[in-house]
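Residue numbers (UniProt numbering): 1 to 262.
Here the structure comes first, spelled out in structure tokens, and everything after it is commentary.
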Amino acid sequence: MEPHVRPASAVPDPALIARSWWDRNAEEYLSEHPSLGDIRFQWGPEGWTEEELQLLPDRPGRILEIGAGAAQCSRWLAAAGHSPVASDVSSGMLKAAALLNERTGVHFPLVQADVTALPFADASFDTVFTAFGALSFLPDLSPPFAEILRVLAPGGWWIYSVTHPFSWVFPDSPHAADLTVIRPYGTGDAYVEEDRGRADYAEFPHTIADHINGLTGAGFRIESVLEPGWKAGNEETWGAWGPDRGAMLPGTLIVSAQRPAS
Ligand SMILES: C[S@@+](CC[C@H](N)C(=O)[O-])C[C@H]1O[C@@H](n2cnc3c(N)ncnc32)[C@H](O)[C@@H]1O
1 MEPHVRPASA VPDPALIARS WWDRNAEEYL SEHPSLGDIR FQWGPEGWTE EELQLLPDRP
61 GRILEIGAGA AQCSRWLAAA GHSPVASDVS SGMLKAAALL NERTGVHFPL VQADVTALPF
121 ADASFDTVFT AFGALSFLPD LSPPFAEILR VLAPGGWWIY SVTHPFSWVF PDSPHAADLT
181 VIRPYGTGDA YVEEDRGRAD YAEFPHTIAD HINGLTGAGF RIESVLEPGW KAGNEETWGA
241 WGPDRGAMLP GTLIVSAQRP AS
């Protein structure tokens, strides 16, 4: 379904809309995407895993995942001997995470939290990360980036993947033949699905400039930016992501940034 385009200011309380949508759709989302696995750290639908990309620091220290969903990434880290804390705004997603912890026998703390108001002390983590969590559901990247910087110790790392900023101008189709621009880039508008005239789901496209300026404005130093290609052998289609379109255009942006040591 093509979303409606609405001014971001016309979407009331985006965090509440996100929480309520993910609460209601947690089970369906997880059953539609079995490739997420139970104990698996995948950075995006291209299929690249943390084991392959090695984007987290060698010694990640105290780890926080934001927008963790069912926390498959944290579970993979915990199974590898780390001690992550996984957080998400949705109790529905965290319930799924708790069930998976029981089923797999891999346990770590699960905390319900909005990324713009994290219930953690200043400088309490060395690595914060997310694979597609939280950011696209917020109109402005500055509040989450400031909050993540606050909970990171000096010298700590913030690594995240998001929908590639260019994706938003194209139809929500995995076919390369559909790569025709249908919406302007960088308008600040929200893409909204509505139920009886009210926003039921809202995502906020961010531009490359929003990411760079948001990070540096919050006080981060950008270490690297990755636009991973489609992984050979991955035949899965996920919304607009798939092997056909993925061969032509990156669908995911991965950013690694550091809170300066001093
Ligand atoms: C696409 S899922 C990503 C989760 C997981 N990494 C995955 O790949 O399935 C997006 C997650 O972001 C969470 N989220 C949305 N807005 C948030 C916010 N303001 N703070 C924290 N989490 C949020 C949702 O509840 C959802 O679990």
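The C-beta atom is built at its ideal place from N, Cα and C for all residues, glycine as well.
If you're wondering where the values come from, they're calculated on a predicted model, not measured in any experiment.
Within the same chain, show all residues whose beta-carbon is closer than 7 Å to that of residue i, passing over the 5 residues directly before and after it, in chain order.
i: residue 93; result: 22, 26, 69, 70
i: residue 150; result: 122
i: residue 74; result: 65, 68, 84, 86, 108
i: residue 281; result: Summary: the structure shown does not reach residue 281, with the chain confined to residues 1 through 262, and so no result is reported for it.
i: residue 19; result: 89, 90
i: residue 199; result: 11, 17, 192
i: residue 104; result: 38, 39, 75
i: residue 79; result: 39, 106
i: residue 181; result: 169, 170
Between residue i and the rest of its own chain, which residues show a CB-CB distance below 6 Å, the 5 nearest in sequence each way excluded?
i: residue 45; result: 238, 241
i: residue 247; result: 230
i: residue 190; result: 6, 8, 11, 202, 204
i: residue 153; result: 123, 126
i: residue 225; result: 255
i: residue 236; result: 35
i: residue 178; result: 171
i: residue 176; result: 244, 245, 248
i: residue 234; result: 47
i: residue 207; result: 165, 186
i: residue 50; result: 41
i: residue 134; result: 66, 67, 115
Enumerate in chain order the residues of its own chain whose CB-to-CB distance from residue i is below 8 Å, with the five nearest sequence positions on each side excluded.
i: residue 96; result: 26, 27, 30, 69, 70
i: residue 264; result: Nothing about residue 264 can be reported from this structure: the residues present for the chain run from 1 to 262 only.
i: residue 72; result: 36, 37, 38, 39, 40, 41, 42, 100
i: residue 15; result: 89, 114, 116, 137, 138
i: residue 53; result: 43, 226, 228, 254
i: residue 184; result: 169
i: residue 119; result: 111, 113
Report, in whole angstroms, the separation of the C-beta atoms of residue i and residue j, which I expect to be a contact under 8 Å.
i: residue 227; j: residue 3; result: Actually they do not touch by this definition, with Cβ atoms about 24 Å apart.
i: residue 116; j: residue 63; result: That pair is no contact at about 20 Å.
i: residue 57; j: residue 157; result: 5 Å
i: residue 219; j: residue 142; result: Between residue 142 and residue 219 the Cβ distance is about 11 Å, and since that is not below 8 Å, they are no contact.
i: residue 166; j: residue 215; result: Residue 166 to residue 215, Cβ: 18 Å. No contact.
i: residue 174; j: residue 244; result: 6 Å
i: residue 222; j: residue 55; result: Between residue 55 and residue 222 the Cβ distance is about 13 Å, and since that is not below 8 Å, they are no contact.
i: residue 132; j: residue 162; result: 7 Å
i: residue 250; j: residue 164; result: 5 Å
Check whether chain B comes within 8 Å of residue i, counting only Cβ atoms and requiring the distance to be less than that.
i: residue 119; result: Here chain B cannot be found, since the structure has a single protein chain.
Residues near ligand 1, criterion Cβ-heavy atom distance below 5 Å:
In chain order, the residues positioned with their C-beta nearer than 5 Å to some heavy atom of ligand 1 are 15, 18, 22, 67, 69, 88, 89, 90, 93, 114, 115, 131, 132, 133, 134, 137.
Cβ pair count under 8 Å reaching 3, the stretch 135 to 149 against the stretch 36 to 51
no
Within the chosen definition, does the stretch 208 to 221 reach the stretch 253 to 260 through at least 3 CB pairs nearer than 8 Å?
yes
Inside the stretch 95 to 126 only - beta strand (DSSP E) runs reaching at least 3 residues
110 to 112
Give, in chain order, every unbroken run of the alpha helix (DSSP H) that is at least 4 residues long and sits entirely within the stretch 153 to 199.
none
Where are the beta strand (DSSP E) runs, 3 residues long or more, that stay fully inside the stretch 201 to 256, in chain order?
Counting whole runs of 3 or more residues, the stretch 201 to 256 contains the beta strand (DSSP E) stretches 221 to 226.
Output the residue ranges of the alpha helix (DSSP H) runs that lie fully inside the stretch 1 to 71 and measure 4 residues or longer, sorted by chain position.
DSSP runs (the alpha helix (DSSP H)) wholly in the stretch 1 to 71: 14 to 32, 50 to 53.
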